[in-house]
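Using this note's numbering, the letters of the sequence shown correspond one by one to residues 3 to 267.
Note that beta-carbon positions come from the ideal geometry of N, C-alpha and C, so glycine has one too.
A short write-up of the structure that comes next.
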Amino acid sequence: MKFLKKLPHIARIFIIATTVSFGIILSAALALKFSAPNPTTVEETTSSPPKVVAVVPTSNPTEASSVIVSSQAVQIPANPTLAQKQSVENQIAYGHFPYAQANASELMIVSSYATGDKQRFESLNVEAGQALMRMMYAAREEGVWIVPVSGFRTVEQQQKLFQDQVKRRGSVEAAAKISAPAGFSEHHTGFAVDLADGKSPNQDVTLEFERTNAYRWLTRHAREFGFELSFKRNNSQGVSFEPWHWRYVGSPNALATFAHARKQS
Ligand SMILES: [Zn+2]
3 MKFLKKLPHI ARIFIIATTV SFGIILSAAL ALKFSAPNPT TVEETTSSPP KVVAVVPTSN
63 PTEASSVIVS SQAVQIPANP TLAQKQSVEN QIAYGHFPYA QANASELMIV SSYATGDKQR
123 FESLNVEAGQ ALMRMMYAAR EEGVWIVPVS GFRTVEQQQK LFQDQVKRRG SVEAAAKISA
183 PAGFSEHHTG FAVDLADGKS PNQDVTLEFE RTNAYRWLTR HAREFGFELS FKRNNSQGVS
243 FEPWHWRYVG SPNALATFAH ARKQS
């Protein structure tokens, strides 16, 4: 510090003041660096679009059974009175309408999968099934391979599927965005079907299905065969967009079945 004494008084004060200030700034900067959380590691929770992959019930039905709104399907009258209408509206579960389970005698098989123990058959209401066959053949003529991957479901099957989604999504509300509670699935009616593209099997029952030739073909032609998309983008039921899920409305019976839902969408 001898050299300081050789300097003029003013210069000495200036050098000391500068050194002290620099020290304070450096300590403050170090303190901030070690106390503040690193912004790049805090949030890694940006959500990607939901991928729905469950088609076949696989989960065990022990959990979450208390959260199922109703395990019994409810019949909606074709021409409801005001009281019946209000009763239907009261029974809506997380945006889904109640649907009665079709009788086995009304169904026909539309596809089968796998063999042996794993073999399963998909069926639809006869009117819807025959219209689907006509539609699939028409698509094949244009090189498009439409595959029905999930048709009629019992209330019991839907219960297993929905419980699986509750487990996967963490809450009934989140599960109901992408799956219907038991008793509230259009699949109970035998008029609704999940369609896939046989040439793009990895896109079965996912949002990626929207990019397939089968989906593009369906958006142009499904209506001609009596089919329509049930859950369009931003539908007023609050259900996630489901490009794979189509319902048949080509007969008076089918049309009456979806009367409430169609008023909403
Ligand atoms: Zn479906």
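If you keep only unbroken beta strand (DSSP E) runs of at least 3 residues inside the region 155 to 215, you get 194 to 199.
Inclusion of A184 and F164 in the CB contact set at 8 Å is warranted, their separation being smaller than that value. The three-state secondary structure of E124, taken from DSSP, is strand. Every residue whose beta carbon comes nearer than 7 Å to a heavy atom of ligand 1 appears here in chain order: S152, E188, H189, A194, D196, E244, W246 and H247. Taking all protein chains in view, the Cβ of Q161 is crowded by 16 or more other Cβ atoms within 10 Å, so the residue is classified as buried. The Cβ-Cβ distance between F193 and W246 does not fall below 8 Å. For R249, the uninterrupted beta strand (DSSP E) segment begins and ends at H247 to Y250.
Take the alpha-carbon of T221 and the one of G240: they are about 21 Å apart.
Out of L197, A133, I180 and Y101, the CA that lies nearest to the CA of R235 is found in I180.
Cβ neighbours of I111 within its own chain (closer than 6 Å, five residues either side excluded): F123 and S125.
In the assembly as shown, Q266 is an exposed residue. Its beta-carbon has fewer than 16 other beta-carbons within 10 Å. In this structure, the straight-line span from the alpha carbon of G131 to that of A106 is close to 13 Å.
DSSP, read as helix, strand or coil, puts Y101 in coil. Pairing W248 with F229 gives a Cβ-Cβ distance under 8 Å. The C-beta separation of V151 from V207 comes to about 7 Å, placing the pair in contact by the 8 Å criterion.
Annotation for V151: the continuous beta strand (DSSP E) segment containing it runs I148 to S152.
Looking only at V157, A182, E158 and S187, the smallest Cα-Cα distance to Q167 is reached by A182.
Shown here for W219: same chain residues with a beta carbon closer than 6 Å to its own, the five before and five after excluded, namely A141 and V146 in chain order.
Y115 has R122 as its beta-bridge partners, per DSSP. In this chain, the beta strand (DSSP E) harbouring E230 covers F229 to L231. Under a 10 Å Cβ-count criterion, D119 is classified as exposed, with fewer than 16 other Cβ atoms of the shown protein chains found around its own Cβ. Pairing F186 with H98 gives a Cβ-Cβ distance under 8 Å. The shortest CA-to-CA distance from A104 to any of R225, V174, T156 and S202 is the one to T156.
Of the candidates S242, N237 and L231, the residue whose Cα lies closest to the Cα of V251 is L231. In terms of Cβ geometry, H190 and Y101 form a close pair [threshold 8 Å]. Among the bridge pairs identified by DSSP, M110 is matched with L126.
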